[in-house]
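Residue numbers (the UniProt record's numbering): 1 to 459. For reference, the structure is listed below as structure tokens.
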Ligand SMILES: [Zn+2]
């Protein structure tokens, strides 16, 4: 039986390889023609079945976004522009024979692999080909090929560069490939890269998950560090439930979790999540619970919800956060304010005509202008209020500083007289500020996270 299946698979593959023999459909991909057979494609793939039937819901644009949605005429060449030639051929090979090797020829020159003698077993070129194949398998609905690619990627990532592992991690998330996600997240967590570096490559919530994974693994005896249990702790479970509640706009449930289960909205990054993934109404309702700090800094860079709203160019979110006293002057650890983000987006837009990470088709310049106006006027209001409060503030500062200096001097056994304290205030003040600064900001080499506040007792 085994043998006969193998030969059947080879026979079908030969049909594809021999091209024009018995072919009744031709695809044109990157200027090259591929001859194929409707009945085989239709038998093996729901997408092609619908496509050849001209079914209304066949996403014909998958092949070519500009093609008409009518069934292809017999003999017509069908343009394919959504995937490359190489990947489309791999897809067809799999459909014809039920097997495919997603591997490059060794030493084959590839634009994304600089090493001339590379065997392309786990380099960027190899990873990229597998990721493209995974994406194509997913969009054409060929699940078995997606699973096969997942397995192959899992064996590749063990040896590939951490940048590539992060790329695969994101693809695993996008395509909901749990096994692959788990393998990659453990590899990245073990990499020892500090969170601020991770944040340059990965979104906020992924960095949070990785940090949590690190926390978990550091609690286990080192001998079992390779067998980290899946993220099924109470805390993680709670956060997942909270997110699901937010996703379905069920702020009432979140409120119950806060009151009944002691859920800490700041630790759980509830506002950050809601600003990024939910509607304005949900964010508003969440703020009105009064249980979340609107200026809570999160992630390795210490971004507040307003930073995120600015990055997303969402005037709705910016407005609702400012309404609830979000600080327009809040700075990340590297000193970036929400206004800075909007200004740099504006210059990106003016000079490059596009914004990184924002789909040009969905981008409206008006939204960016509106966000800028909202934040700018909030900054102005804040500075006017500050100016008005300055006089009384100044006198309080002097009082506080004298207090600190006097206490410190007393502790060190200095005799406090008027002149001495005055002379001491400057130096005391600077040491106090420095000490305060280093305890708030995690040093760049430490992997400690500020995603969750230190007082939180992790289960
Ligand atoms: Zn290579």
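C-beta: ideal position from N, C-alpha, C; glycine also.
Simplified DSSP assignment, three categories, for residue i
i, result
"residue 116", "coil"
"residue 315", "helix"
"residue 78", "strand"
"residue 173", "helix"
"residue 28", "strand"
"residue 369", "helix"
"residue 110", "strand"
"residue 124", "helix"
"residue 93", "helix"
"residue 376", "helix"
"residue 327", "coil"
"residue 211", "helix"
"residue 83", "coil"
"residue 346", "helix"
"residue 386", "helix"
"residue 337", "coil"
"residue 163", "helix"
"residue 45", "coil"
Residue span of the beta strand (DSSP E) that contains residue i, given as start and end
i, result
"residue 36", "32-36"
Span of the alpha helix (DSSP H), counted from its first residue to its last, around residue i
i, result
"residue 239", "234-247"
"residue 195", "195-201"
"residue 11", "2-17"
"residue 183", "178-190"
"residue 146", "143-157"
"residue 331", "Looking at the DSSP string, residue 331 is not in any alpha helix (DSSP H), and its letter there is neither H nor E."
"residue 104", "Careful: residue 104 lies outside any alpha helix (DSSP H) and carries neither H nor E."
"residue 63", "Segment: none, residue 63 is in no alpha helix (DSSP H) and carries neither H nor E."
"residue 22", "Counting along the chain, residue 22 falls outside any alpha helix (DSSP H), and DSSP gives it neither H nor E."
"residue 140", "Neither: residue 140 is in no alpha helix (DSSP H) and is coded neither H nor E."
Residue i versus the options, residue with shortest Cα-Cα distance
i, options, result
"residue 103", "96, 152, 63 and 92", "152"
"residue 113", "101, 100, 98 and 129", "129"
"residue 261", "242, 167, 279 and 313", "242"
"residue 332", "199, 185, 350 and 214", "199"
"residue 146", "107, 100 and 189", "100"
"residue 91", "126, 52 and 41", "41"
"residue 251", "280, 386 and 124", "280"
"residue 83", "94, 184, 118 and 132", "132"
"residue 192", "38, 16, 150 and 207", "207"
"residue 167", "283, 194 and 134", "134"
"residue 169", "236, 109, 205 and 367", "205"
"residue 158", "174, 175 and 189", "189"
"residue 338", "297, 350 and 364", "297"
"residue 93", "136, 106 and 17", "17"
"residue 126", "4, 160, 98 and 309", "160"
"residue 105", "122, 50, 54 and 96", "122"
Distance cut-off 7 Å: residue i Cβ against heavy atoms of ligand 2
i, result
"residue 116", "Only ligand 1 can be found as ligands here, which leaves ligand 2 out of the picture."
Quiz item: Is there contact here, the stretch 373-381 with the stretch 323-339, by at least three beta-carbon pairs under 8 Å?
Solution: The stretch 373-381 is in contact with the stretch 323-339.
Practice problem: For the stretch 241-315, list the alpha helix (DSSP H) runs that are entirely contained and at least 4 residues long, ordered along the chain. | Solution: 251-261, 270-277, 280-288 and 305-311
Practice problem: For the stretch 29-46 and the stretch 135-153, state whether three or more C-beta atom pairs, one from each stretch, are separated by less than 8 Å. | Solution: yes
Quiz prompt | the stretch 79-98 touching the stretch 26-39, judged by at least three CB pairs closer than 8 Å | solution = yes
Exercise. Would you be able to state if there are at least three C-beta pairs under 8 Å between the stretch 285-293 and the stretch 340-348?
Key: no
Self-check item: contact_flag[the stretch 304-318, the stretch 367-376] where n(CB pairs < 8 Å) is 3 or more
Solution: yes
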